[in-house]
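A quick write-up on the structure given underneath.
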Amino acid sequence: MKRTKNIFAIIGIMLVLIQIVIFIRLEARSRMFEQNCYLVTVGMPLNEARKIMGDLDFQYWTQDEQSAEIIIYPFNGENLYYLSYPSSFGASEEAKIYFDPNTLLVTEVFYGE
2 MKRTKNIFAI
12 IGIMLVLIQI
22 VIFIRLEARS
32 RMFEQNCYLV
42 TVGMPLNEAR
52 KIMGDLDFQY
62 WTQDEQSAEI
72 IIYPFNGENL
82 YYLSYPSSFG
92 ASEEAKIYFD
102 PNTLLVTEVF
112 YGE
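Those letters in the sequence shown? Residues 2 to 114, by the working numbering.
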């Protein structure tokens, strides 16, 4: 009985440690996106902005949890298009790169809070 409890305790500790490592990795990636966002300027091509952000490194093997998600938001009768990047822990809002869908040029950069 004691051996079973010890095994479950060890499994529980290992699972907690795995979750901590996953959290730290996601947090580092989110902070990278926030720092790289300051290098993006209005008027640059969207593909170049995504290279600067580091988003293209993850787009082929992850979903929006670890890379940008394209959001289409209706606003005043028009649609706003932007890339929404994962925010770091405790941030109130994520970094966003607004773009024109016709020209694929960056129109606005929101650095997050």
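Backbone N, C-alpha and C define an ideal beta-carbon position, used for all residues, glycine too.
Here lysine 3 is exposed. Its C-beta has fewer than 16 other C-beta atoms within 10 Å. Each residue's CA atom was taken as its position, placing phenylalanine 90 and glutamate 35 some 12 Å apart. Collapsing the DSSP output to three states places phenylalanine 76 in a strand.
In the DSSP assignment, tyrosine 39 forms no beta bridge with any residue.
Counting every other CB atom within 10 Å of its CB across the protein chains shown gives serine 31 a total of 16 or more, marking it as buried. Apart from the 5 residues on each side of it in sequence, tyrosine 86 sits with its Cβ closer than 6 Å to the Cβ of Phe34, Ala69, Glu95 and Ala96 in its chain, given in chain order. By the Cβ test, the stretch 95 to 113 is in contact with the stretch 70 to 86, since at least three Cβ pairs between them sit closer than 8 Å. Within the same chain, Tyr83, Thr108 and Glu109 come within 6 Å of tyrosine 99 by CB-CB distance, once the 5 residues on both sides are set aside.
In the displayed model, leucine 105 falls within coil according to three-state DSSP, outside both helix and strand. Of the residues assessed, alanine 50 falls on the buried side of the cut-off, its CB having 16 or more other CB atoms within 10 angstroms. Between leucine 105 and leucine 47, the C-beta spacing is below 7 Å.
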